[in-house]
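S.K.:
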DNA sequence: ATAGGGTTAG
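Residue numbers (full-length UniProt numbering): 1 to 483.
Here's what the structure looks like:
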C-alpha cells in the first residue's frame, strides 16, 4: 500500500497510520513516521497515538513503548494503546506494571484498558487476579460493555472456570457472535466438546452467522472428542452454507482430527492433497499423531519436512526423540539429542504456575529453590508412596534420555506439575480445588499420577497445559485420556 | 474531521 502524500495534513496522518496498522505495513508506517517528524508534527497527541498503535499492533510493543516514554502529552488513549500493545504481544507482566502506573498518574481505566488487563490475566492463568479485575469493573459499571463481557467469558473459560464463563454469557443482554465463539472455544478447550456443539446449534437457531473462528472452535471440539465424521461435515457446511474460505488453521484442525483418532496414514494423505501449502504447525500436528500412535517410519518422513521448514524448533527434536524412546531405540534417542545440543538448542524447561493468596508461585522441573522445599519433597514422597499402593507404575518412555530406570523415575516424580500440586496440597484446605497452569503439555506419566492424586486426596485438580484443560476428579480426567 | 478493544489449529 502506498499513496501520494500531497496535501496530507495533521488530520490525515492518523487515518493513514491506522490503515498501515490494519494491514501490518510497518515499513510504510515508518516512512510516514519520518515525514511526520520532518514536518514537525511529531508532538501532536493524535498523531503520536496513531504511531504508538501502529507499532503495538504490528508486534513491536517495545517500539510503541519507547515513543510513549518520550511523549510530552499523553491521554487515556495513549495509555490504552501502549498497554494493549503488551497485552496482544504476550507480555502480561508489562501490562500489570503499566496498569498500576496509569492509576498512579490519575488516568482512569475504561473498557479498552480492562480488556487488555483481562487478556493479561488470561495469559497468566491468574484467576484470582482476574476476579479482582471483574469486581473492580462491576464497581465502575463497565460490565455492561460487550467487549469487556466477551473478555470475561474468555477469562473464566481459559482459567478453567467454565461455570463462571457460562454465567457471564447469560448476563450479557445482546450477545455478538464473538460472545458465542468465546464460549464455544472455552467449552471445547475444557473438554466439553458435546456442549460446545450444542451451543453452536443454538447460535444457528438464533439466526447468528458463525465466523471462521467459530468453526475453529467447532473443529477443535470434534477433534478432541474423536468425532471424525462430524468434523468433516462441519467443514463442508462451513464452505457451502457459510461461504467461508478455509484457512490453514482449519486444515490444521482436520489433520489433528484424523491423526488424533488414529487415522495417521489418512492424515498424511490429507496433508499432501489439501488446497493450501502445509505449514510447520500442520506437519508438527502430524508428527504429534505419529508419536501418539507409534508410527515411526512416517514420523521420520514428517520430521524431514519440518527440518526444512523450521530447523531450529527444539520441540520437534523432543517429539522425535520421544518417538524413538517409546520404541526403545535409545541410540537413536541419543543421536537426536546430540544433534539438538550441537545446534545450540535446548528443550524449553517445563514450569508450572499456581496461585495462592494473591501470589503466583512458579515451579520448575526438579525445583529445589522454594522456601518450603522440605515440606514439599516430604509431601511428594508421601504422594508417590500412596500412588504405588493404588497400583501406579511410572510411565517412563517420555523422558528425554536413556538414563538408568531408577534415575528416570526420580526425574519424573519431580516434574513441575507434581511439585506444584504437592505445594498446593500442603497449603490449601482439604477439598478445595487446585489449579495449575503449565507451559508445556502434560506428559502421560503426570496425567496418570494426577488422576490418582485427585482420587486419593479427594481434590478437583484443574491443569491448563499448553494446548488444553484437564479437569481431574475421582480418578478420571475430562479429556477421557484423549488429548 | 483526526487515535485505542473481545474469539483463532499444535
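Cβ atoms here follow ideal geometry from the backbone N, Cα and C, with glycine treated the same way.
Have a look at residue 249 and residue 57 and give me their C-alpha separation to the nearest angstrom.
M.R.: Their Cα atoms are separated by approximately 21 Å.
S.K.: Using a threshold of 7 Å, is the CB atom of residue 374 nearer than that to any non-hydrogen atom of the ligand PLP?
M.R.: Summarising the ligand content, the structure contains no ligands, and the ligand PLP is consequently not present.
S.K.: Could you compute how far the alpha carbon of residue 158 sits from the alpha carbon of residue 38?
M.R.: So the alpha carbons of these two residues sit roughly 46 Å apart.
S.K.: Out of 188, 53 and 10, point me to the one whose CA is closest to residue 29's CA.
M.R.: Nearest of 188, 53 and 10 to residue 29, Cα basis: 53.
S.K.: With which residues is residue 477 paired in a DSSP beta bridge?
M.R.: In DSSP, residue 477 forms a bridge with 472.
S.K.: Report, in whole angstroms, the separation of the C-beta atoms of residue 440 and residue 395, which I expect to be a contact under 8 Å.
M.R.: In fact, because the Cβ distance is near 16 Å, the residues do not count as touching under 8 Å.
S.K.: Beta-carbon within less than 7 Å of residue 51's beta-carbon, same chain only, minus the 5 sequence neighbours each way: which residues are those?
M.R.: Here the set comprises 17, 33 and 67.
S.K.: Which residue's Cα is closest to the Cα of residue 346: 381, 316, 202 and 299?
M.R.: The option with the nearest alpha carbon to residue 346 is 316.
S.K.: Return helix, strand or coil for residue 81, following the three-state DSSP convention.
M.R.: Here residue 81 sits in helix by DSSP.
S.K.: Looking at the strands, I want to know which residues DSSP matches up with residue 363.
M.R.: Answer by DSSP bridge pairing, in chain order: 352.
S.K.: Measuring only the C-alpha atoms, how far is residue 154 from residue 219?
M.R.: Using only the alpha carbons, I get a separation of about 18 Å.
S.K.: Would you mind sorting residue 322 into buried or exposed? The rule is 16 or more other CB atoms within 10 Å of its CB.
M.R.: Burial call: buried.
S.K.: Hey, quick one: how far does the alpha helix (DSSP H) through residue 132 stretch, first residue to last?
M.R.: It spans 127 to 139 - the alpha helix (DSSP H) in which residue 132 sits, taken as one unbroken run.
S.K.: In angstroms, rounded to a whole number, what distance separates the CA positions of residue 141 and residue 364?
M.R.: Cα-Cα distance, rounded: 40 Å.
S.K.: Would you please state the rounded distance, in angstroms, between the beta carbons of residue 306 and residue 287? I believe it to be under 8 Å.
M.R.: 7 Å between Cβ atoms; contact.
S.K.: Could you compute how far the alpha carbon of residue 175 sits from the alpha carbon of residue 266?
M.R.: Taking the straight line joining both Cα atoms gives about 39 Å.
S.K.: If you run the structure through DSSP and keep just helix, strand and coil, what is residue 168?
M.R.: Three-state result, residue 168: helix.
S.K.: How do the segment 415 to 434 and the segment 455 to 464 stand: do at least 3 beta-carbon pairs fall below 8 Å, yes or no?
M.R.: Yes, the segment 415 to 434 is in contact with the segment 455 to 464.
S.K.: Is DSSP giving residue 236 helix, strand or coil here?
M.R.: Reduced to three states, the DSSP call for residue 236 is helix.
S.K.: On the premise that residue 436 lies in contact with residue 453, defined as a C-beta separation below 8 Å, what is that separation, rounded to the nearest angstrom?
M.R.: The pair is not a contact, with the Cβ atoms about 11 Å apart (cut-off 8 Å).
S.K.: Looking only at C-alpha atoms, which of 173, 424, 186 and 350 sits nearest to residue 414?
M.R.: It is 350 whose Cα lies nearest to the Cα of residue 414.
S.K.: Taking C-beta to C-beta, are residue 210 and residue 251 nearer than 8 Å?
M.R.: Not in contact: residue 210 and residue 251 (Cβ atoms no closer than 8 Å).
S.K.: If you draw a straight line from the alpha carbon of residue 77 to that of residue 49, how long is it in whole angstroms?
M.R.: Answer to the nearest angstrom: the Cα atoms are 7 Å apart.
S.K.: Buried or exposed: residue 101, going by 16 or more other Cβ atoms within 10 Å of its Cβ?
M.R.: Classification for residue 101: exposed.
S.K.: For the beta strand (DSSP E) that residue 437 lies in, which residues bound it at each end?
M.R.: Where residue 437 is concerned, the enclosing beta strand (DSSP E) stretches over 434 to 438.
S.K.: Could you check where the alpha helix (DSSP H) with residue 255 kicks off and where it finishes?
M.R.: Segment 248 to 260, the alpha helix (DSSP H) holding residue 255.
S.K.: From what residue to what residue does the beta strand (DSSP E) around residue 463 run?
M.R.: Its beta strand (DSSP E) spans residues 461 to 464.
S.K.: Nearest CA to the CA of residue 190: which residue from 200, 181, 221 and 208?
M.R.: Out of 200, 181, 221 and 208, 221 has the C-alpha closest to the C-alpha of residue 190.
S.K.: Would you decide whether residue 136 is buried or exposed? Buried here means 16 or more other CB atoms lie within 10 Å of its CB.
M.R.: Flag for residue 136 reads exposed.
S.K.: Quick one: give me the first and last residue of the alpha helix (DSSP H) that residue 93 is part of.
M.R.: From DSSP, the alpha helix (DSSP H) with residue 93 extends over 92 to 104.
S.K.: May I ask you to report which of helix, strand or coil DSSP gives residue 192?
M.R.: Residue state, collapsed to three classes: coil.
S.K.: Looking only at its chain, what residues have a beta carbon closer than 6 Å to the beta carbon of residue 478, apart from the 5 residues adjacent to it on each side?
M.R.: Only 191 and 471 meet the Cβ criterion.
S.K.: Got a sec, what are the start and stop residues for the alpha helix (DSSP H) residue 302 sits in?
M.R.: That run of the alpha helix (DSSP H) goes 296 to 309.
S.K.: Would DSSP call residue 36 helix, strand or coil?
M.R.: It is helical.
S.K.: Cβ atoms of residue 438 and residue 352: under 8 Å apart, would you say?
M.R.: It is a contact, given that the beta carbons lie within the stated cut-off.
S.K.: Using the Cβ count rule (16 or more neighbours within 10 Å means buried), how would you classify residue 369?
M.R.: Exposed is the call here.
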